[in-house]
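Worksheet for the structure shown next.
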Amino acid sequence: MSVINPAAIKAFAQSRLSRTKTDRVDAELIARFCQAQAPPAWTPLPAEVRELQALVRRLESLIEMRVAEENRLSSGISVEVVRHSVEEHLAYLSEQIGRSEKLIRKHINNHPGLKRQSQLLDSIPGIAETTAALLLSEMTDITQYRSARQVAAYAGLVPRERRSGTSVRGRTRLSKIGNARLRKALYFPAITALRCSPFFQQWAEGLLKRGKSKMSVICAVMRKLVHVAYGVLKSSKPFDPQWAKTA
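Position one of the sequence shown corresponds to residue 2 (our numbering), numbered consecutively onward.
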């Protein structure tokens, strides 16, 4: 059994100029795609990674719900009983968030492999234990990637150029074709790294001197964090600024 990105099947159908969409036609298209592309067999995640992923995604959902309730409260609720209900829900969500964070920490500490990987990621400027847990839950098995660029592509952090001849020269943007959770989780760590890390500050200055915008620099730092994360996990060695210059 293989797991295929639905976008690949859709593109394959478009390349064959398929105009009909029925269960039978879709099944035939998928069979032809597999025959032509020979996708690799799917390997289920280890049990500890599946559990970590479930815990991290639950924490993400709880945080999103709390933000939504905080926005409702700050918008001004005139009805007392409704305001009280929102405040009670906020207290409950904060309690559940704290509980989920403890469960994630306990789960990682109970598995030596995850604990070691978390410590390696924690050595990278801007990445703390919460981000480390999310990276481990979304990048899953680092050995499945052949290069740091593959991980960056999986996160949708590789540049997407738009050029054609001499007349079309669009701005280079992030592809954003990839794991949105992973991409979103790296934004604030990139900001922190730029604010606190001499290594990333010096590296970003070079980009600014070359005319890159501030947002482009942040995106570049996000991509650099992925490269460094891949490096420390692959080598099983903590962050080293000298080595990271070539990552």
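All C-beta atoms, glycine included, are put in the ideal place defined by N, C-alpha and C.
Predicted, not measured: the structure shown is a model, and the values here were computed from it.
Looking only at its chain, what residues have a beta carbon closer than 6 Å to the beta carbon of residue i, apart from the 5 residues adjacent to it on each side?
i, result
"Q54", "S138"
"R84", "I78"
"R1", "One cannot answer for residue 1 here, as it falls past the ends of the chain, which runs 2 to 248."
Does the separation of the CB atoms of residue i and residue j fall below 8 Å?
i, j, result
"G127", "P199", "no"
"V159", "Y231", "no"
"L187", "L226", "yes"
"G179", "A154", "yes"
"F201", "L209", "no"
"K11", "I143", "no"
"L60", "T141", "no"
"E81", "R106", "no"
Would you report the Cα separation of residue i and residue j, rounded to the nearest angstrom?
i, j, result
"K213", "T23", "48 Å"
"D241", "R25", "54 Å"
"L104", "E29", "45 Å"
"A133", "R117", "11 Å"
"V169", "M216", "Because the pLDDT at V169 is just 47, under 50, the model does not fix this residue reliably, and the point stays unresolved."
"L63", "L115", "23 Å"
"I192", "E65", "20 Å"
"L136", "A69", "24 Å"
"Q15", "A37", "15 Å"
"C197", "Q203", "11 Å"
"A221", "H228", "11 Å"
"P239", "A9", "36 Å"
"E88", "L74", "8 Å"
"Y146", "A156", "12 Å"
"V233", "L122", "7 Å"
"A181", "I5", "17 Å"
"D27", "P7", "11 Å"
"N243", "S237", "Checking the sequence, you will find Gln at residue 243 rather than Asn. Roughly 16 Å between the two C-alpha positions."
"R17", "R58", "37 Å"
"S76", "N111", "42 Å"
"K185", "R211", "26 Å"
Below 8 Å CB to CB, which residues in the same chain sit around residue i once its five sequence neighbours on both sides are set aside?
i, result
"S3", "C35, P40, P41, A42 and W43"
"R20", "none"
"I218", "Here residue 218 turns out to be Val, not Ile, going by the sequence shown. Same-chain partners within the cutoff: L195, A205, L208 and L209."
"H108", "E49, E52, L53, L56 and L115"
"E71", "L91"
"E113", "Strictly speaking, residue 113 in this sequence is Pro, with Glu absent from that position. None."
"S124", "V233, P239 and F240"
Here's a check: name, in chain order, each residue in its chain whose Cβ is nearer than 7 Å to the Cβ of residue i, leaving out the five neighbours to either side.
i, result
"F13", "L30 and F34"
"R67", "L91, L94, S95 and I98"
"A32", "none"
List the whole-angstrom C-beta distance separating residue i from residue j, where the pair is believed to meet the contact cut-off of C-beta under 8 Å.
i, j, result
"L56", "S101", "6 Å"
Exercise. Enumerate, from N- to C-terminal direction, the unbroken alpha helix (DSSP H) stretches of 4 or more residues contained entirely within the stretch 130-166.
Key: 130-140 and 149-155
Quiz item: Taking only runs of the alpha helix (DSSP H) that begin and end inside the stretch 21-69, which ones reach a length of at least 4 residues, in chain order?
Solution: 24-38
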